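Right, one structure below, let's go through it.
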Amino acid sequence: MSMAMEEKYKQLIRVGIVFIVFAFLMLLLNIYLGGPDEGPGDRHTPGFRLTTQPLVLTLCWAVNLAVLRWLQPVLSRRFPSRWLNFYLPGFVALYLTMVAIFGAWVHFDDHGGLLKLTSGTIAVETLALVIIELVLSRLDAARVRLENAELRVANLEAQHEKLIRQLQPHFLFNSLNALKSLIRRSPPDAEGYLIKLSEFLRFSLSHTQQSLVTLEEELRFSMYYLDMQQTRFQEGLHYIVDIPDGNRRSLLLPAFSLQLLLENAIKHNSLTLKSPLIICIRFDENGRLLVENNRQPKQQMEEGTGLGLVNLSERYRMLLKEDIRVTTNETFFQVSLGLMPADEDHHY
Numbered sequence: 010m011s012m013a014m015e016e017k018y019k020q021l022i023r024v025g026i027v028f029i030v031f032a033f034l035m036l037l038l039n040i041y042l043g044g045p046d047e048g049p050g051d052r053h054t055p056g057f058r059l060t061t062q063p064l065v066l067t068l069c070w071a072v073n074l075a076v077l078r079w080l081q082p083v084l085s086r087r088f089p090s091r092w093l094n095f096y097l098p099g100f101v102a103l104y105l106t107m108v109a110i111f112g113a114w115v116h117f118d119d120h121g122g123l124l125k126l127t128s129g130t131i132a133v134e135t136l137a138l139v140i141i142e143l144v145l146s147r148l149d150a151a152r153v154r155l156e157n158a159e160l161r162v163a164n165l166e167a168q169h170e171k172l173i174r175q176l177q178p179h180f181l182f183n184s185l186n187a188l189k190s191l192i193r194r195s196p197p198d199a200e201g202y203l204i205k206l207s208e209f210l211r212f213s214l215s216h217t218q219q220s221l222v223t224l225e226e227e228l229r230f231s232m233y234y235l236d237m238q239q240t241r242f243q244e245g246l247h248y249i250v251d252i253p254d255g256n257r258r259s260l261l262l263p264a265f266s267l268q269l270l271l272e273n274a275i276k277h278n279s280l281t282l283k284s285p286l287i288i289c290i291r292f293d294e295n296g297r298l299l300v301e302n303n304r305q306p307k308q309q310m311e312e313g314t315g316l317g318l319v320n321l322s323e324r325y326r327m328l329l330k331e332d333i334r335v336t337t338n339e340t341f342f343q344v345s346l347g348l349m350p351a352d353e354d355h356h357y
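Letter 320 of the sequence shown, counting from 1, is numbered 329 in the numbering used here, and no numbers are missing.
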């Protein structure tokens, strides 16, 4: 039996227990209402009728649950209609059970004892089926929401892997061109650039399967990226990192989120000696990670998918249950990222 089926029957059993408890309370009420002059089997007392109704409903619930558990899977192979594989068998099974248990009190004569038993069975069965369908529909809706969430996570992971695969050849091409010019101009700088490039690629390959990383790891990875870009653009790029060391290991964020924001800033702005791009990484007053830069848009924008921030926003909503916050005007661009406290038992 699948876990979803087990959960369905457990939920129905829990609801059935509520009816049993209710029936027991009605039994106590019957004893209180019956008094010393009324026997427990007197079916004309109001207490007896009050007790019988929840007892019959509990019996109805047990019969329908048995039909749903053992009979419906067999009948559904031949009769796909729910009326034929559940509703009708449930009514027949309940009616036969009612006749077997309450037959001693029913007189099948001209006074309509059979009609009362049949109409009572239909009424109780209808009520039980309505409640069962409500429980099942709620469980089905929860299952659909869970499946949709799992599909969204899988889709985001696929998009993430696709972006990484697209980034690496592009990034390697630009990095090797920068390395070639550095070798001619300054061999010592070229050696340092090559070390940073190898560290950047090592981190990228080792963290492609991780959803969350510590702020320390993400900062170290991003510093490799910024150092390489500063080697490329020289004084056209400046950056400031104001993050206390004590907070770097105790906070988590989605992998590559900070690096993606840095890449966007460099990609969409001009970087010159007279007008350098200045990037600041710090905490805001609410303890969120703030990445901001001065705005100086390029005259000719590089082609791209435009899905970077959208993808990051989706990942944040799925992993941290919150969204990124973007603030912009004519002079600056700012993105605020939420952070999750690191838990020693958290697997990421």
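Backbone N, C-alpha and C fix where the C-beta goes; we use that ideal spot for every residue, glycine too. Remember, it's a predicted structure, so these values are computed and weren't measured experimentally.
What do you get for residue i, buried or exposed, if any count of 16 or more other CB atoms within 10 angstroms of its CB means buried?
i, result
"V27", "exposed"
"T337", "exposed"
"P362", "The structure shown has nothing for residue 362, since the chain only spans 10 to 357."
"L321", "buried"
"A274", "buried"
"L21", "buried"
"I333", "buried"
"K19", "exposed"
"G347", "buried"
"R86", "exposed"
"A264", "buried"
"T340", "exposed"
"A137", "buried"
"Q309", "exposed"
"F100", "buried"
"E159", "exposed"
"Q81", "buried"
"Q238", "buried"
"W79", "exposed"
"E134", "buried"
"R324", "buried"
"L68", "buried"
"W70", "buried"
"V153", "exposed"
"V83", "exposed"
"L66", "buried"
"N157", "exposed"
"V319", "exposed"
"F182", "exposed"
"P45", "Unreliable placement is indicated for P45, whose pLDDT of 44 sits below 50; no coordinate value is reported for it."
Would you kindly report the start and end of the unbroken alpha helix (DSSP H) that includes residue i?
i, result
"P196", "P196 to S215"
"Q238", "L224 to F242"
"I275", "S266 to H277"
"V319", "G317 to L328"
Please report the Cβ distance between residue i and residue j, rounded to the nearest whole angstrom; I am assuming they are in contact, meaning their Cβ atoms lie under 8 Å.
i, j, result
"L261", "A351", "5 Å"
"F230", "F212", "5 Å"
"E24", "I140", "The amino acid occupying residue 24 in the given sequence is Val; Glu does not appear at that position. With 8 Å as the limit, V24 and I140 qualify as a contact, their Cβ atoms being about 7 Å apart."
"Y202", "L185", "At roughly 10 Å, the Cβ-Cβ gap does not stay under 8 Å, so Y202 and L185 are not in contact."
"T106", "V72", "6 Å"
"D236", "K205", "5 Å"
"P285", "E244", "6 Å"
"M349", "L221", "7 Å"
"R257", "T223", "7 Å"
"Y104", "T130", "5 Å"
"E208", "Y233", "5 Å"
"R2", "S345", "Because the chain spans 10 through 357 in this model, residue 2 falls outside it and cannot be assessed."
"A102", "V144", "Wrong, their Cβ atoms sit about 19 Å apart, outside the cutoff."
If you follow the beta strand (DSSP E) that residue i is in, where does it begin and where does it stop?
i, result
"I4", "Examination of residue 4 is not possible in this model, given that the chain is present from 10 through 357 alone."
"E301", "L298 to N303"
"I249", "L246 to D251"
"P306", "Segment: none, P306 is in no beta strand (DSSP E) and carries neither H nor E."
"R78", "It is not in any beta strand (DSSP E) - R78 carries neither H nor E in the DSSP assignment."
"R334", "R334 to T337"
"S259", "No beta strand (DSSP E) holds S259; DSSP gives it neither H nor E."
"S345", "F341 to L346"
Any heavy atom of the ligand FMN within a distance shorter than 7 Å of the CB on residue i?
i, result
"N295", "Absent from the structure shown: the ligand FMN. Ligands present: none."
Contact the stretch 288-306 vs the stretch 244-254: 3+ CB pairs below 8 Å
The stretch 288-306 and the stretch 244-254 touch, with no fewer than 3 CB-CB distances between them shorter than 8 Å.
Check whether the stretch 259-274 and the stretch 219-234 are in contact - that is, three or more C-beta pairs closer than 8 Å.
Taking 8 Å as the limit for Cβ pairs, the verdict is that the stretch 219-234 does touch the stretch 259-274.
At which residue ranges does the stretch 81-107 contain complete alpha helix (DSSP H) runs of 4 or more residues, listed in the order of the chain?
Runs found: 81-84.
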